[in-house]
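Chemist:
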Amino acid sequence: MFLINCPYCGERDQQEFKAGGEAHIERPKQPTELSDDEWAEYLFMRKNIKGVQFERWNHAHGCRKWFNMVRDTSNDQIKAIYKMGEKPPSQ
Amino acid sequence: MKNKYSIFSLFKNALSYHENWQRAWKDPIPKKEYDAVIVGGGGHGLATAYYLAKKHNIHNIAVVEKGWIGGGNTGRNTTIIRSNYLWDASAGLYDHALKIWEGLSQELNYNVMFSQRGVMNLAHNLQDVRDLKRRTHANRLNGIDAVYLNTEEVKKFCPIINTSQDIRYPVLGGTLQKRAGTARHDAVAWGYARGADEMGVDIIQNCEVKGIKRNGDTVEGIETTRGFIKTKKIGVVAAGHSSVIANMAGLKLPLESKPLQALVSEPVKPIIDTVVMSNAVHAYVSQSDKGELVIGAGTDDYISYSQKGSHQIVEGTLNAILELYPIFSRMRMLRQWGGIVDICPDASPILSKTSIKGLYFNCGWGTGGFKATPGSGDLFAHTIANDEPHKLNAAFNLNRFVSGDLVDEHGAAAVAH
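So the protein lines, in turn, are chains A and B.
First residue of the first sequence: 1, per the working numbering; consecutive thereafter.
First residue of the second sequence: 1001, per the working numbering; consecutive thereafter.
Structure below.
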């Protein structure tokens, strides 16, 4: 890692960024109708993948915008970066 | 039968230049079937096998380890042992472990170098002071030794701390647990391995689990790089890789695996005879018997299995160390490394059955599992043998993330420890 290519600011030092965990976890559309198991799944359960993973990052000490990253967690290599709302790149 | 280690055996082996010591554990070829298989040959896994054999009379056990025993987080932590946790459930769990530590060298006939040199936690702001006082009271109600120290008492207990009030985060006080301390982490793994091996446990190294075979909701065995092993009970004690194993069984866990770093300095003469931790500035330090300063840094905030952390984490920790201990300013660091820790949302571990019969998980110890090694092994063995948790680990079930009955130890344990 070391350098992260913010889609708004360009390449910046990793120190400026904050990791936000697994991406594409959708907020429940009908929260009042969720069972306890479904809440647990949404709030706590994580894929925690060893390998290529989709995650959210925030340029905390820069533009403060959120974006998505595809990263290999077994060697920390960044595969792709894309803005919030954009479709994740296919493998 | 293993030869007993003693001053006489040391003397006897000295006469033959220490070339005839008996093997501490065998290097067996995996059998086709075991009564129980433990996945992960770290301290917790080996202790689990040891107590299954010793207390529950299950001897046909295999411990399968991807690398070599004690080569993961058991050999990568900063060896701190304490039990001054806030909540009753945690206090019960960690003090159970501390009580076993106190007699462990004798029990294992293996010197784990348990040293009750005390652990001091520092307060750097008024909220720290209130939190630490509250924790001291909670500890004492649970029968755990804890005292609150003011700044002068902190200075008296550890004179090299900079207690000047004009530093950025001045020392306002601290807590001390005198029964707490350190142990030799490798010896813990080796001692449990030797003890388990003697009772018939097969310790199989260089054996990576590749799959978990299920028949409906019951486990049938594990696929490994050394062939299929049939078993009815699988205890997974795989720390940072717990989610990877869970995934093989089609389970999801509430874990995130992150790098945690530590470093040691060049060896020097005795300078600090206790363990000092500071959550607020994230610095903690002790001195090994070899004379190195053992320094724990923090976790990175991203998921990684690379056993490497970021540079700025180490830099931040050393900044704090230097402000608190100006005497260390010219020390050089000798080694730095990372381990992958599995962190639960409530910073408490999981020792639990799962929805799959015969599959048990002992994970989520996050940044502070070493201290619990003997207790964790004892309670997890109980859980596997009886298919029911012991009362001390009942609160640490997987279902707490559904019920909401979390054991939120972030206040006492969010720091790497």
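No residue lacks a Cβ here, since even glycine has one placed at the ideal position from N, Cα and C.
All of these numbers come straight from a predicted model, not from anything done at the bench.
1) With 7 Å as the C-beta to C-beta threshold (strictly closer), list the residues of the region 1320 to 1343 of chain B near chain A in chain order.
2) Take the Cβ of M84/A as the centre, count every other Cβ of all protein chains shown within 10 Å, and call the residue buried at 16 or more, exposed below.
3) State the beta-bridge partners of F1228/B as determined by DSSP.
4) Taking the beta strand (DSSP E) that Y1284/B belongs to, which residues open and close that run?
5) According to DSSP, is R1179/B helix, strand or coil?
6) Quick one: grab the DSSP three-state call for F1011/B.
7) With the cut-off set at 8 Å, would you say G1338/B and G1298/B are in Cβ contact?
8) Return the chain-ordered ranges of every alpha helix (DSSP H) run that is complete within the region 1127 to 1214 of chain B and spans a minimum of 4 residues.
9) Going by the beta-carbon positions, is the gap between A1091/B and S1083/B smaller than 8 Å?
10) How is H1417/B classed by DSSP in three states: helix, strand or coil?
11) Could you tell me the distance, in whole angstroms, from the CA atom of L1098/B to the CA atom of G1377/B?
12) When Cβ atoms are compared, which residues of the region 1294 to 1318 of chain B fall closer than 9 Å to chain D?
13) Note down the Cα distance separating G164/A from H59/A, rounded to an integer number of angstroms.
14) Which value, in whole angstroms, describes the spacing of the CA atoms of P1267/B and N1111/B?
15) Determine the DSSP secondary structure at N1397/B, reduced to helix, strand or coil.
16) What do you get for Y1051/B, buried or exposed, if any count of 16 or more other CB atoms within 10 angstroms of its CB means buried?
17) Rounded to a whole number of angstroms, what is the C-alpha to C-alpha distance between Q1127/B and H1311/B?
18) Leaving out the 5 sequence neighbours to the left and right, which residues in its chain are closer than 6 Å to V1275/B when beta-carbon positions are compared?
19) Looking at chain A, is there any beta carbon in it that lies within less than 8 Å of the beta carbon of E1256/B?
20) Taking a contact to mean a Cβ-Cβ separation below 8 Å, would you say K1066/B touches E1208/B in this structure?
21) Run through chain A and tell me which residues come within less than 8 Å of S1403/B, C-beta to C-beta.
22) Does the beta carbon of P1349/B come closer than 8 Å to any beta carbon on chain A?
23) Kindly identify the DSSP beta-bridge partner or partners of M1333/B.
24) Could you name the residues of the same chain whose beta carbon sits closer than 6 Å to that of L1172/B, not counting the 5 residues immediately before and after it, in chain order?
Modeler: On the basis of the supplied data:
1) Those would be none; no residue qualifies.
2) For the purposes of this step, residue 84/A is taken as the residue at position 84 of the first sequence. M84/A comes out exposed.
3) Walking along the second sequence from the start, residue 1228/B turns up at place 228. Bridge partners of F1228/B according to DSSP: E1223/B.
4) Within the second sequence, numbered from 1, the residue matching residue 1284/B stands at position 284. 1283 to 1287 is the span of the beta strand (DSSP E), which, as asked, contains Y1284/B.
5) What you label residue 1179/B is simply residue 179 of the second sequence in a count that begins at 1. If DSSP states are grouped into helix, strand and coil, R1179/B belongs with coil.
6) To locate residue 1011/B, count along the second sequence from 1; it is residue 11. DSSP places F1011/B in helix when its eight states are reduced to three.
7) Taking the second sequence and counting its residues from 1, one reaches residue 1338/B at position 338. Taking the second sequence and counting its residues from 1, one reaches residue 1298/B at position 298. No, these two residues do not count as a Cβ contact at 8 Å.
8) Runs of the alpha helix (DSSP H) lying entirely within the region 1127 to 1214 of chain B and spanning at least 4 residues, in chain order: 1151 to 1157, 1185 to 1198.
9) Translated into the one-based positions of the second sequence, residue 1091/B becomes position 91. Translated into the one-based positions of the second sequence, residue 1083/B becomes position 83. The Cβ-Cβ distance between A1091/B and S1083/B falls below 8 Å.
10) Position 417 of the second sequence holds residue 1417/B. Note that H1417/B scores a pLDDT of 42, beneath 50, so its modelled location is shaky; the value from the coordinates is reported in the next line. Taken through DSSP and simplified to helix, strand or coil, H1417/B comes out as coil.
11) Locating residue 1098/B in the second sequence gives position 98, counting from the first residue. Locating residue 1377/B in the second sequence gives position 377, counting from the first residue. Rounded to whole angstroms, the gap between the alpha carbons of L1098/B and G1377/B is 13 Å.
12) The structure shown contains no chain D; the protein chains it does contain are A and B.
13) The structure shown does not extend to residue 164/A, since chain A spans only 1 to 91, so no value can be given for it.
14) For the purposes of this step, residue 1267/B is taken as residue 267 along the second sequence, with counting starting at 1. For the purposes of this step, residue 1111/B is taken as residue 111 along the second sequence, with counting starting at 1. About 22 Å.
15) Taking the second sequence and counting its residues from 1, one reaches residue 1397/B at position 397. The answer is coil: DSSP assigns N1397/B none of H, G, I, E or B.
16) Numbered from 1 along the second sequence, position 51 holds the residue referred to as residue 1051/B. It is buried - the Cβ of Y1051/B has at least 16 other Cβ atoms within 10 Å.
17) Sequence index remark: in the second sequence, residue 1127/B carries index 127 (1-based). Sequence index remark: in the second sequence, residue 1311/B carries index 311 (1-based). If I take the Cα positions, the gap works out to 29 Å.
18) Locating residue 1275/B in the second sequence gives position 275, counting from the first residue. Correct list, in chain order: I1080, V1119, S1286.
19) Along the second sequence, read from residue 1 onward, the residue named residue 1256/B stands at position 256. Closer than 8 Å to some Cβ of chain A, the Cβ of E1256/B qualifies, so yes.
20) The count along the second sequence starts at 1 and reaches residue 1066/B at position 66. The count along the second sequence starts at 1 and reaches residue 1208/B at position 208. Closer than 8 Å, so yes.
21) Your numbering for residue 1403/B matches position 403 in the second sequence. Correct list: D36.
22) Locating residue 1349/B in the second sequence gives position 349, counting from the first residue. By this cut-off, P1349/B is not an interface position.
23) In the second sequence, residue 1333/B corresponds to position 333, counting from 1. Under DSSP, M1333/B shares a beta bridge with S1265/B.
24) Translated into positions along the second sequence, residue 1172/B becomes position 172. Its chain contains A1123, V1129 as the residues whose beta carbon lies nearer than 6 Å to that of L1172/B, once the 5 sequence neighbours on both sides are disregarded; these appear in chain order.
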